[in-house]
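Chemist: Below you will find the structure I want to go over with you.
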Amino acid sequence: MADYEELPSEVDVVVIGTGLQESILASACSRAGLSVLHIDRNSFYGGCWGSGFNFRSFEEWLRSVQNTQDEIPYAYEPSEKELVVPAAVSQSTIRNPVLQSDITTNDSPENKENALKVAVNGRRFNMDLIPKLLLSDGPMVKILRQSEASKYCEFKCVERFLCLDKDVTKTPPKMFQVPCTKSEISFSRILSPIEKRMLYKFLEFCMTWKTNRGDVASKFPEYEWEEYVERPFTDFLATVRITGVLQHIVIEVIGVLKEAANTLEGLESASAFLASLGHLGNLPTPFVYTLYGSSDLEQSFNRLCAVYGGIYCLDRPCEAFVLDKETKRCTAIISGGQRISCKHVITSQDYIHQKFDVNEEDTVMKRCVLLTDASVMPSEQDHITLMSLSRLHPGSNIRFLETGHNAGVTSKGFYFVHLTSPGGKSHAETFSSVVDRVFRGDENRLEGDSRPRVCWSLMFDVVQRNLESPAENIAVVPAPDYLPDFSSVVASAEEIFARYWPELDFLPRKAHAAHDESDEELGAEVEEQAQPEEPS
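Residue 1 is where the sequence shown starts when you use the UniProt record's numbering, and the numbers rise one by one after that.
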């Protein structure tokens, strides 16, 4: 057995795993005055969210995913009143990884050139496994501001929204940039004057619907939305003559919706999008992205936890949970052979033994990560780009996110493309045909092909296990979901915190702080991040 550092023998809360929800909860507990020990069996932060990987550290992550060891022996002898429950050793959230790399082959000059560039600049790549966006008026921005965790990370605007052309039969598919603000709509050449007026009116309707719903009937009598609440959003849009390209813009960009969304879901999503436009100062976008990937969010909350006394230890396993036979509560964990007493445990599902599964697991998300040598829509400046590719594979609900040097995640000349789809069919069946149409490789090269080349790809599934917690005071955080932003992540953390500590405030601002960081202040900070420094 490895020699492990001696940790505190007793704390209020043990947090196991450094995923985003665990990190938020660790900081909330520490901020509330509880003593916190935060451990992770990996040598890196993030757990199944694991981000900030370069290609060398990614290999370490891949080995951890492929580890199938059942449990670790432990030397602890329980008393007659105790029951020892083994913890899981291998992770269980990321499944079925498939890696393909052209940068490791030497069969063409193009491959050799890309391989050399990646090798020389390897440390400048920061791979995100499960990237999400921050809605400017969303709950993640709120808790970052009020807790002051925002000072530990930097942000960049998602400033380019693309939409596929009405005809998606062509290869490569045509796409165009979508106007989002009133000024962009006014100068847009994509929309006719009539379509612009219709879009203006729809946006005004959405804002009235969100802020003063009682006025909708008098101001917008033709918008009979209540009759379509449970019906497809497309049906409602058709009644107000929003069809064709205009409908694609509303559903795929403004709503960021699944294909089968009903009218209530559509109006809620569109209203949230519009409410976030210009929310942070004068930023003409509803979304921001964490520079260098989502790992900075996790580490920001971990730093906040440490500021208030939280203790951290990576490369530290949890071998078992110790339960009181009479109360059925967890009284301690066994970590590195040491018994650590605690009142509560917060853990990733990766540490819960499979014998607690009650039903088959659900695939909640499929992911495809690509490293490409060009943007899907090249321009003089790098952009963070969001788009829906659902119409290329109906029923897939594929969301596209492209990040590059400007986001601090690649060396110049390369881009990470993230394709995300809800659970269902195998990831290969979901993504392969779409990747072949949008990108090029040695096997699907066209004459005069200018599509971005895929240098490296990774596909995997994200699963949610259906399990029972070993004890009432062991909270198991859910797996990441398909949603584009962090709203469900924050809601989950708030629910767990309120369940165990209803009398305590969740990440309140400092008592001496006169006010939270303002929208204008945070917006100004985002604007300053035009070109991040090269990651070291």
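Virtual Cβ for every residue (Gly too), placed ideally from N, Cα, C.
For the 8 Å Cβ check, are there 3 or more pairs between the segment 141-159 and the segment 412-429?
Modeler: Contact fails: fewer than three Cβ-Cβ distances are below 8 Å.
Chemist: Can you pull the DSSP bridge partners for residue 440?
Modeler: DSSP, once it has assigned bridges, lists 453 as partnering residue 440.
Chemist: If you draw a straight line from the alpha carbon of residue 301 to that of residue 310, how long is it in whole angstroms?
Modeler: Looking at the two C-alpha atoms, the distance is approximately 11 Å.
Chemist: Tell me which residues share the same chain as residue 78 and place their Cβ nearer than 8 Å to its Cβ, disregarding the 5 neighbours each side in the sequence.
Modeler: The answer, listed in chain order, is 84, 322.
Chemist: If you draw a straight line from the alpha carbon of residue 248 to that of residue 210, how long is it in whole angstroms?
Modeler: About 21 Å.
Chemist: Residue 318 by DSSP, collapsed to three states: which one?
Modeler: Note: residue 318 maps to coil in three-state DSSP.
Chemist: If you follow the beta strand (DSSP E) that residue 160 is in, where does it begin and where does it stop?
Modeler: Per DSSP, residue 160 belongs to the beta strand (DSSP E) from 160-164.
Chemist: Going by DSSP in three states, residue 420 sits in which element: helix, strand or coil?
Modeler: Strand.
Chemist: Grab me the residues of residue 289's own chain with a C-beta within less than 8 Å of its C-beta, minus the 5 sequence neighbours each way, in chain order.
Modeler: Within the same chain, residue 289 has close Cβ partners 131, 133, 134, 155, 156, 157, 158, 384, 403, 407.
Chemist: Confirm, please, whether the CB-CB distance from residue 4 to residue 320 is below 7 Å.
Modeler: Contact: no.
Chemist: Can you tell me where the beta strand (DSSP E) with residue 363 in it begins and where it stops?
Modeler: First-last of the beta strand (DSSP E) with residue 363: 357-372.
Chemist: Going by C-alpha distance, which of 29, 367, 216 is nearest residue 498?
Modeler: Nearest C-alpha to residue 498: 29.
Chemist: Look up residue 131 in the DSSP assignment and say whether it is helix, strand or coil.
Modeler: Coil, per DSSP.
Chemist: Just list the residues that DSSP pairs residue 344 with in beta bridges.
Modeler: DSSP output for residue 344 lists 13 as bridge partner(s).
Chemist: Can you give me the Cβ contacts of residue 381 inside the same chain, cut-off strictly under 8 Å, excluding the 5 residues immediately before and after it?
Modeler: Correct list, in chain order: 406.
Chemist: Where does residue 77 sit, in a helix, a strand or coil, going by DSSP?
Modeler: Looking at residue 77 - three-state DSSP - the assignment turns out to be coil, as it is neither helix nor strand.
Chemist: Flag this pair as touching only if the segment 245-264 and the segment 386-405 have three or more C-beta atom pairs under 8 Å; answer yes or no.
Modeler: The segment 245-264, when compared against the segment 386-405, does touch it at the 8 Å Cβ threshold.
Chemist: Would residue 365 and residue 482 qualify as a contact pair, given that the criterion is a beta-carbon distance under 7 Å?
Modeler: Closer than 7 Å, so yes.
Chemist: In the DSSP assignment, find the alpha helix (DSSP H) that holds residue 140 and state where it starts and stops.
Modeler: Its alpha helix (DSSP H) spans residues 139-147.
Chemist: Do you know offhand how far residue 531's Cα is from residue 188's?
Modeler: The pLDDT assigned to residue 531 is 49, lower than 50, so where the model puts this residue is not dependable, and the model offers no usable value.
Chemist: Skipping 5 residues on each side, what residues in its chain have a beta carbon closer than 6 Å to that of residue 536?
Modeler: Only weak support is given to the placement of residue 536: the predicted model assigns it a pLDDT of 42, under 50, and the question is left unresolved by the model.
Chemist: Can you tell which of 306, 451, 349, 269 has the C-alpha that lies nearest to the C-alpha of residue 487?
Modeler: Checking every option, the nearest Cα to that of residue 487 belongs to 269.
Chemist: Between 8, 179, 36, 25, which has its C-alpha nearest residue 14's C-alpha?
Modeler: The candidate whose alpha carbon is nearest that of residue 14 is 36.
Chemist: Evaluate residue 200 with the Cβ neighbour count: other Cβ atoms within 10 Å of its Cβ, from every protein chain shown; 16 or more gives buried, anything less gives exposed.
Modeler: Exposed is the call here.
Chemist: Are the Cβ atoms of residue 92 and residue 298 separated by less than 7 Å?
Modeler: No. Outside cutoff.
Chemist: How far does the alpha helix (DSSP H) with residue 489 in it extend, from its first residue to its last?
Modeler: Looking at the DSSP string, the run of the alpha helix (DSSP H) that includes residue 489 is 487-500.
Chemist: If you run the structure through DSSP and keep just helix, strand and coil, what is residue 570?
Modeler: An answer regarding residue 570 cannot be provided, because it is not within the stretch 1 to 536 covered by the chain.
Chemist: If you drop the 5 nearest sequence neighbours on each side, which residues of the same chain put their C-beta closer than 8 Å to that of residue 137?
Modeler: Excluding residues within five positions, the ones whose Cβ falls inside 8 Å are 272, 275, 276, 279, 286.
Chemist: Mapping the DSSP letters down to three states, classify residue 214 as helix, strand or coil.
Modeler: Residue state, collapsed to three classes: helix.
Chemist: Take the Cβ of residue 296 as the centre, count every other Cβ of all protein chains shown within 10 Å, and call the residue buried at 16 or more, exposed below.
Modeler: Answer is buried; the Cβ neighbour count reaches 16.
Chemist: Please state whether the Cβ-Cβ distance between residue 421 and residue 396 is less than 7 Å.
Modeler: Yes, these two residues count as a Cβ contact at 7 Å.
Chemist: How big is the Cα-Cα spacing for residue 105 and residue 456?
Modeler: Only weak support exists for where residue 105 lies, its pLDDT of 46 falling under 50; the value from the coordinates is given anyway. Distance between the alpha carbons of residue 105 and residue 456 is about 11 Å.
Chemist: Would the beta-carbon of residue 157 be found less than 6 Å away from any heavy atom of the ligand COA?
Modeler: By its list of ligands, the structure shown contains no ligand whatsoever, and the ligand COA lies outside what it can speak to.
Chemist: Pick helix, strand or coil for residue 280, following the three-state DSSP scheme.
Modeler: Coil at residue 280, not helix or strand.
Chemist: Less than 7 Å separating the beta-carbons of residue 539 and residue 178?
Modeler: In this structure the chain extends from 1 to 536, so residue 539 is not present and cannot be described.
Chemist: With a cut-off of 8 Å on the beta carbons, I'd call residue 348 and residue 48 a contact; round off their distance for me.
Modeler: Residue 348 to residue 48, Cβ: 7 Å. Contact.
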